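Structure first, commentary second.
2 protein chains.
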Amino acid sequence: MHNSEAMALSAALLAVAGELTHRINEGVLARGFEGVRPAHGFAFTRLAPDGATVTDLAVHLGVTKQAASQLVEEIVRKGYAERRPHPVDARAKLIVLTERGWACTRAAEEAAAEVVQRWSDVLGEGGVRALGGQLGRIAPYGPIRPAW
Amino acid sequence: MHNSEAMALSAALLAVAGELTHRINEGVLARGFEGVRPAHGFAFTRLAPDGATVTDLAVHLGVTKQAASQLVEEIVRKGYAERRPHPVDARAKLIVLTERGWACTRAAEEAAAEVVQRWSDVLGEGGVRALGGQLGRIAPYGPIRPAW
DNA sequence: CCATATGGTCAAGCAGCTTGACTATCTCGA
DNA sequence: TCGAGATAGTCAAGCTGCTTGACCATATGG
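In structure tokens:
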């Protein structure tokens, strides 16, 4: 495989990723969740199961814990999450989603499903499943990184 | 297809895109091109064929022309591009890559090829071609957007 | 040939991140 | 058990890359 092919694949991947992020964010805003940015969505997915600490979030997002702390302050102020005392560590706080935070997460899922539906119109449902399977196999562990 | 599947696909796509961007940038830096960020790469691909104006770049990157102008100032100062008088419009300037800019672009292609090679180890060459084909069919036109 | 549109830059401001410093609490070995 | 170092979180200041607003030079069209 030539370098130019690798570059074309990379460009397509990054274009699709940018468009996906943009459309999910627009869909979330259109559903009435204001003042929320893509980075918040990545935070929500980490908070979703059982909550997380500020440091957990910082690692997940690949930023300093100060930056994560500011982000938490913002989503708490906007009503998407709340700070609770940590059950086993008095230094830490457990950040958990509020009902509004859960609703916002569901809105993001709906918006994502809409975008994927469009892909399905082009690739077919089998094509989309194949795409998901391939991406799942090459997806890295470690912190989420902005695509630029 | 359920929302959760769409979300899993989206998460995998964004994780792969973020990792790709990160590794290309690291590869470029490792090849000795300092002070260059992912956004510069997107600018280079627009400049590569025959140059472009500041406004062209702004549209391509989805930012204001002031931001594009600052970015051009930066890559000119760092020796990756130069401003030339525009052949048919005395207001405009044609921004073209220098030899160093071309070398940096080739380094980015090499780095991208390395990442794609790893995917090939997992998916096989056919799998990677299929992936590229699928992504190419759903890739949008319009400005490049950051993935968060 | 002048009114308006367009290309580019300067200047100021803002948002989101960083580094540095600090307190409170936990952990663990002497 | 207790004291030294590690860890959780926050406050403060600074930097960077973007924005908006203002401006000049040149192009375009009635």
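Keeping their order, the protein sequence lines are chains R and E.
Just so we're aligned, residue 1 is where the first sequence starts under the UniProt record's numbering, counting upward by one.
Just so we're aligned, residue 1 is where the second sequence starts under the UniProt record's numbering, counting upward by one.
Virtual Cβ for every residue (Gly too), placed ideally from N, Cα, C.
Since this is a predicted model, take the numbers as computed values, not measurements.
Please classify residue i as buried or exposed, where buried requires at least 16 neighbouring CB atoms within 10 angstroms.
i                  : result
Arg-145 of chain E : buried
Gln-66 of chain E  : exposed
Ser-10 of chain R  : buried
Pro-38 of chain R  : buried
Glu-109 of chain E : buried
His-40 of chain R  : buried
Val-122 of chain E : exposed
Thr-55 of chain E  : exposed
Gln-134 of chain E : buried
Ser-120 of chain R : buried
Gly-27 of chain R  : buried
Gly-51 of chain E  : buried
Val-88 of chain E  : exposed
Thr-64 of chain E  : exposed
Name the chain E residues whose beta carbon is nearer than 9 Å to that of residue i?
i                  : result
Ile-24 of chain R  : Ser-10
Glu-125 of chain R : Met-1
Thr-45 of chain R  : Met-7 and Ala-11
Just to confirm, is the Cβ distance from residue i to residue j under 8 Å?
i                  : j                  : result
Pro-140 of chain E : Glu-19 of chain R  : yes
Arg-31 of chain E  : Ala-107 of chain E : yes
Ala-90 of chain R  : Ile-24 of chain R  : no
Leu-131 of chain E : Ala-17 of chain R  : no
Arg-84 of chain E  : Lys-93 of chain E  : yes
Leu-47 of chain E  : Val-96 of chain E  : yes
Val-128 of chain R : Met-1 of chain E   : yes
His-60 of chain E  : Pro-143 of chain E : yes
Gly-35 of chain E  : Lys-78 of chain E  : yes
Phe-42 of chain R  : Cys-104 of chain R : no
In the DSSP output, which residue or residues are listed as bridge partners for residue i?
i                 : result
Pro-85 of chain R : R:Lys-93
Tell me whether residue i sits in a helix, a strand or coil according to DSSP, three-state version.
i                  : result
Ala-52 of chain E  : strand
Ile-144 of chain E : coil
Arg-37 of chain E  : coil
Ala-107 of chain E : helix
Gly-18 of chain E  : helix
Ala-30 of chain R  : helix
Gly-79 of chain R  : coil
His-60 of chain E  : helix
Ala-6 of chain E   : helix
Ala-139 of chain E : coil
Thr-98 of chain R  : coil
Please list, in chain order, the chain R residues whose beta carbon lies closer than 8 Å to that of residue i.
i                  : result
Ser-4 of chain E   : Glu-109
Val-122 of chain E : Arg-137 and Ile-138
Val-63 of chain E  : By Cβ distance, chain R contributes nothing, its closest Cβ being about 12 Å from Val-63 of chain E, past 8 Å.
Ala-48 of chain E  : Under the 8 Å cutoff, chain R gives no residues; its nearest Cβ is about 10 Å from Ala-48 of chain E.
By the criterion of Cβ-Cβ separation under 8 Å, what are the contact partners of residue i in chain E?
i                  : result
Val-128 of chain R : Met-1 and Leu-9
Ala-30 of chain R  : Neighbours of Ala-30 of chain R on chain E: none; closest Cβ ~16 Å, over 8 Å.
For residue i, go through chain R and note every residue whose CB falls closer than 7 Å to its CB, in chain order.
i                 : result
Gly-27 of chain E : Here the premise fails: no neighbours, minimum Cβ distance about 11 Å.
Please list, in chain order, the chain R residues whose beta carbon lies closer than 9 Å to that of residue i.
i                  : result
Trp-119 of chain E : Leu-9, Gln-134, Arg-137 and Ile-138
Val-76 of chain E  : The premise fails here: Val-76 of chain E is roughly 21 Å from chain R at the closest Cβ pair, so nothing lies under 9 Å.
Is any heavy atom of the ligand NAP found at a distance shorter than 7 Å from the C-beta of residue i?
i                : result
Asn-3 of chain R : The ligand content of the structure shown is nil, which means the ligand NAP is not present either.
Could you work out which residues of chain E lie near residue i, taking near to mean beta carbons separated by less than 7 Å?
i                 : result
Val-54 of chain R : Within 7 Å Cβ-Cβ: nothing; Val-54 of chain R doesn't reach chain E, min ~19 Å.
Ala-58 of chain R : The contacting residues do not exist; Ala-58 of chain R stays about 16 Å from chain E at best.
Leu-97 of chain R : What Leu-97 of chain R touches in chain E: nothing, since even the nearest Cβ is about 15 Å away.
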